[in-house]
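First to last, the protein sequences are chains A and B. Per the working numbering, the very first residue in the first sequence carries number 1; after that it's consecutive. Per the working numbering, the very first residue in the second sequence carries number 111; after that it's consecutive. Note that CB positions come from ideal geometry on N, CA and C, so glycine has one too. Notes follow the structure.
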Amino acid sequence: GIQVEQSPPDLILQEGANSTLRCNFSDSVNNLQWFHQNPWGQLINLFYIPSGTKQNGRLSATTVATERYSLLYISSSQTTDSGVYFCAVLTQGGSEKLVFGKGTKLTVNP
Amino acid sequence: GAGVSQSPSNKVTEKGKDVELRCDPISGHTALYWYRQSLGQGLEFLIYFQGNSAPDKSGLPSDRFSAERTGGSVSTLTIQRTQQEDSAVYLCASRRYMVTEAFFGQGTRLTVV
Numbered sequence: 001g002i003q004v005e006q007s008p009p010d011l012i013l014q015e016g017a018n019s020t021l022r023c024n025f026s027d028s029v030n031n032l033q034w035f036h037q038n039p040w041g042q043l044i045n046l047f048y049i050p051s052g053t054k055q056n057g058r059l060s061a062t063t064v065a066t067e068r069y070s071l072l073y074i075s076s077s078q079t080t081d082s083g084v085y086f087c088a089v090l091t092q093g094g095s096e097k098l099v100f101g102k103g104t105k106l107t108v109n110p
Numbered sequence: 111g112a113g114v115s116q117s118p119s120n121k122v123t124e125k126g127k128d129v130e131l132r133c134d135p136i137s138g139h140t141a142l143y144w145y146r147q148s149l150g151q152g153l154e155f156l157i158y159f160q161g162n163s164a165p166d167k168s169g170l171p172s173d174r175f176s177a178e179r180t181g182g183s184v185s186t187l188t189i190q191r192t193q194q195e196d197s198a199v200y201l202c203a204s205r206r207y208m209v210t211e212a213f214f215g216q217g218t219r220l221t222v223v
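Structure follows, in structure tokens:
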């Protein structure tokens, strides 16, 4: 089945710094989502981005489907950005499972 | 409601007891998923429902786990004879058919003592 790998596994930043999180996937997909899991465990939708680039405030994401990767950019990081960031892709053909990477744990220090 | 709703938010149960977890998806969403997340771990797929099709149960870890979806809406995940290793957060998600963005509920934190 499709494999999803995220890097780095852990990231520690000072408030105000920028960061880039990466998501690689093993098969061609036409869908990809980024989620932020907050300290209370809830998964918050950040981006649905099968291809191209989207921006939402200090966050932006780019997916290059032909090269099987997606990037999440966080600019001017804040302590509230801390948490775990997951990317997920939907398998196609047959059962449509959401397959998740193992996540990037981000800690932003004041 | 506007989002996926799960209940209870927290459940503490004694080892060997049965528990039922409930998920109320977003109205009109025909696809529904259950995932499990153990402490500090990633998301483990459990089961997937799509409309009236037979569910994909390939992620259920043992025959103590079962799930049903009544009327194509509310889903219940049942764990029989709970064990301590069942302690985890159980997350439910839903999405529209043919639209692939999924939305998650707030989860049920299950603790087996």
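Members of the segment 37 to 58 of chain A that neighbour chain B once the beta carbon cut-off is set at 7 Å
Gly41, Gln42, Leu43, Asn45 and Tyr48
Comparing alpha-carbon positions, which option in B/Leu201, B/Thr210, B/Arg205 and B/Asp196 lies nearest B/Thr221?
One-based indexing of the second sequence puts residue 221 of chain B at position 111. It is B/Asp196.
For A/Arg58, the nearest candidate out of A/Ala65, A/Ile74, A/Ile2 and A/Ser51 (CA to CA):
By one-based count along the first sequence, residue 58 of chain A stands at place 58. Ranked by Cα distance from A/Arg58, the options A/Ala65, A/Ile74, A/Ile2 and A/Ser51 are led by A/Ile74.
Taking DSSP as the reference, what is the three-state secondary structure of B/Gln151?
Here residue 151 of chain B refers to the residue found at position 41 of the second sequence. Three-state DSSP puts B/Gln151 in coil, outside helix and strand.
With three or more C-beta pairs closer than 8 Å as the rule, is the segment 2 to 14 of chain A touching the segment 51 to 68 of chain A?
Segments in contact, no.
Beta-carbon spacing of B/Thr87, B/Tyr207 below 9 Å:
This structure gives no information on residue 87 of chain B, because the portion of chain B shown stretches from 111 to 223.
Measuring only between beta-carbons, confirm whether B/Asp166 sits less than 9 Å from chain A.
Numbered from 1 along the second sequence, position 56 holds the residue referred to as residue 166 of chain B. Yes, B/Asp166 lies at the interface with chain A (some Cβ there is under 9 Å from its Cβ).
CA-CA distance, B/Gly237 and B/Gly138?
Chain B is shown only over 111 to 223; residue 237 of chain B falls outside these bounds and no answer can be derived.
Interface residues of chain A facing B/Gln216 [CB-CB closer than 8 Å]:
Translated into positions along the second sequence, residue 216 of chain B becomes position 106. Correct list: Trp40, Gly41 and Gln42.
Taking the alpha-carbon positions, what's the A/Glu67 to A/Arg22 distance?
As a position in the first sequence, residue 67 of chain A is number 67, starting the count at 1. As a position in the first sequence, residue 22 of chain A is number 22, starting the count at 1. Computed Cα separation, rounded: 13 Å.
Any beta carbon of chain A sitting closer than 9 Å to that of B/Gly169?
Position 59 of the second sequence, counted from the start, is the residue given in the question as residue 169 of chain B. Closer than 9 Å: yes.
Compare the C-beta of B/Gly201 against all C-beta atoms of chain A and say whether one is closer than 9 Å.
The count along the second sequence starts at 1 and reaches residue 201 of chain B at position 91. Sequence check: residue 201 of chain B is Leu here, not Gly. Yes, because at least one Cβ of chain A sits closer than 9 Å to the Cβ of B/Leu201.
B/Ile136 to A/Leu72, Cα distance in whole Å?
Taking the second sequence and counting its residues from 1, the one referred to as residue 136 of chain B is at position 26. Taking the first sequence and counting its residues from 1, the one referred to as residue 72 of chain A is at position 72. If I take the Cα positions, the gap works out to 27 Å.
Contact defined as beta carbons within less than 8 Å: I believe A/Gly83 pairs with A/Gln37. What is the distance between those atoms, to the nearest angstrom?
One-based indexing of the first sequence puts residue 83 of chain A at position 83. One-based indexing of the first sequence puts residue 37 of chain A at position 37. That belief holds up - the Cβ atoms of A/Gly83 and A/Gln37 are roughly 5 Å apart, short of 8 Å.
Does B/Thr210 get closer than 9 Å to chain A when you measure Cβ to Cβ?
Reading the second sequence from its first residue, position 100 is the one you call residue 210 of chain B. Closer than 9 Å to some Cβ of chain A, the Cβ of B/Thr210 qualifies, so yes.
Separation of A/Ile2 from B/Thr188, as counted between CA atoms
Taking the first residue of the second sequence as position 1, residue 188 of chain B is located at position 78. Taking the first residue of the first sequence as position 1, residue 2 of chain A is located at position 2. In a straight line, the C-alpha of B/Thr188 is about 28 Å away from that of A/Ile2.
Measure the Cβ-Cβ separation of A/Phe25 and A/Glu5 and say whether it is below 9 Å.
Taking the first sequence and counting its residues from 1, one reaches residue 25 of chain A at position 25. Taking the first sequence and counting its residues from 1, one reaches residue 5 of chain A at position 5. Contact: yes.
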